[in-house]
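Residue numbers are given in our numbering: position 135 of the sequence shown equals residue 139, and the series is strictly consecutive. Some notes on the structure that comes next.
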Amino acid sequence: MRPILHVPAGALAALVTLIALAGGSCGGGSSTPSGPTPPTAPPTVTNTITITSAGASPRDIQIAVGTRVLFINDDSRAHNMSSDPHPEHTDCPELNQVGLLAPGQRRETGNLTSPRTCRFHDHDLPSDTRLLGRIIIQ
């Protein structure tokens with residue numbers, strides 16, 4: 005028969021606590037990698053103007069303040085979309101970020117942050133009424 009081991013109660017409690025802590029830190033961790041949180045995506049574009057051989061469509065849109073507009077060139081030729089007035093392009097500089105679009109290209113305006121009406125045109129065809137339009141920011 006084996007002798008009974010006498011362990012003081014405080015030592016036994018410390019041993020149980022140590023085992024519980026060691027067991028809790030082993031394995032079972034999350035499989036997702038840790039690291040910095042990726043930056044949030046820019047606001048989604050909720051409005052699109054498509055350019056075809058028939059012109060810009062729609063020619064007039066209404067958007068909320070802070071929204072951007074996506075211009076898509078589905079025409080077979082390039083278009084240089086700019087803010088009015090021609091040739092200064094100073095009314096809505098955010099529209100000038102669209103600039104020259106080759107066939108098949110798409111590009112967003114900057115954030116349109118103040119209520120107003122922004123008129124646009126094709127810089128290379130400023131009098132072509134099919135390529136004139138308005139973005140009404142409310």
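Ideal Cβ placement from N, Cα and C applies to all residues, glycine included. Just so you know, these numbers come straight off a predicted model, no measurement behind them.
In three-state terms, what does DSSP make of residue i?
| i | result |
| --- | --- |
| T94 | coil |
| Q109 | coil |
| Q66 | strand |
| T133 | helix |
| N100 | helix |
| R72 | coil |
| D126 | strand |
| N115 | coil |
Can you give the beta carbon distance from residue i to residue j, rounded, assuming they're within the 8 Å contact cut?
| i | j | result |
| --- | --- | --- |
| R138 | T121 | 6 Å |
| A82 | L105 | 6 Å |
Among the options, which one has its Cα closest to the Cα of residue i?
| i | options | result |
| --- | --- | --- |
| Q66 | P130, S80, S118 | S118 |
| T54 | P89, P107, P91, Q101 | P107 |
| A58 | I141, T133, T52, F124 | T133 |
| I140 | Q109, C96, E92 | C96 |
Give every residue of the same chain whose Cβ lies closer than 8 Å to the Cβ of residue i, excluding the five residues on either side of it in the sequence, and list them in chain order.
| i | result |
| --- | --- |
| N115 | P47, G70, T71, R72, E98 |
| H3 | Any question about residue 3 goes unanswered here, given that the chain covers just 5 to 142. |
Determine whether the beta carbon atoms of residue i and residue j lie at a separation below 8 Å.
| i | j | result |
| --- | --- | --- |
| D126 | N84 | yes |
| T56 | D79 | yes |
For residue i, collect the residues of the same chain with a Cβ closer than 7 Å to its Cβ; drop the 5 residues on either side in sequence, then sort them by chain order.
| i | result |
| --- | --- |
| V102 | F75, M85, R111, T113 |
Looking only at its chain, what residues have a beta carbon closer than 6 Å to the beta carbon of residue i, apart from the 5 residues adjacent to it on each side?
| i | result |
| --- | --- |
| L136 | H125 |
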